[in-house]
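Numbering (my numbering), first residue to last: 227 to 372.
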């Protein structure tokens, strides 16, 4: 069973629809104990988009990233416009020694720093729902990189 940190942009309707697919797949996956989705934890003691709010959210997210066993990262970026927060969370997870499972629905090239650091590469909700987080099988990205 795995505790998962879900790294993903959630700024547009399209991104929110995609992360909802991922959240539902993780909820239905019997090898997932629990997951932390920052999207669902934006409430804070401080006023949104202030520096104290940013500090609170950052530390909460990093504590949950440190507690996770695995990072699941949604990388459906547009072209080479990588979401900086998601990229940061991937890099932090890799530095902490956590395997990164990448979820990408779009046919876009992947940044080489992500393609070379991922543990598994999945393309849809069905694959994520069926993925065995107990055994953590590897699968590699074979598409275009930049």
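The C-beta atom is built at its ideal place from N, Cα and C for all residues, glycine as well.
What is the rounded straight-line gap between the Cα of residue i and the Cα of residue j?
i: residue 291; j: residue 231; result: 6 angstroms
i: residue 365; j: residue 283; result: 32 angstroms
i: residue 368; j: residue 267; result: 34 angstroms
i: residue 251; j: residue 269; result: 24 angstroms
i: residue 272; j: residue 288; result: 18 angstroms
Between residue i and chain D, is any beta-carbon pair separated by less than 8 angstroms?
i: residue 241; result: Chain labels in this structure do not include chain D; a single protein chain is all it has.
What I want to know is whether the C-beta of residue i ends up closer than 7 angstroms to one or more non-hydrogen atoms of the ligand FMN.
i: residue 256; result: For the ligand FMN, the structure offers nothing, since it holds no ligand at all.
Could you spell out the range, first to last residue, of the beta strand (DSSP E) harbouring residue i?
i: residue 259; result: 258-262
i: residue 346; result: 346-348
Where do the ends of the alpha helix (DSSP H) carrying residue i lie?
i: residue 247; result: 239-254
i: residue 270; result: Taken as a continuous stretch (DSSP letters only), residue 270 belongs to no alpha helix (DSSP H), as it is neither H nor E.
i: residue 320; result: 310-321
Use the C-beta contact count for residue i: other C-beta atoms within 10 angstroms, 16 or more gives buried, fewer gives exposed.
i: residue 341; result: buried
i: residue 324; result: buried
message: Count Cβ pairs between the stretch 316-323 and the stretch 261-276 that sit closer than 8 angstroms; are there 3 or more?
response: no
message: Check whether the stretch 334-349 and the stretch 293-313 touch, using three or more Cβ-Cβ pairs below 8 angstroms as the test.
response: yes
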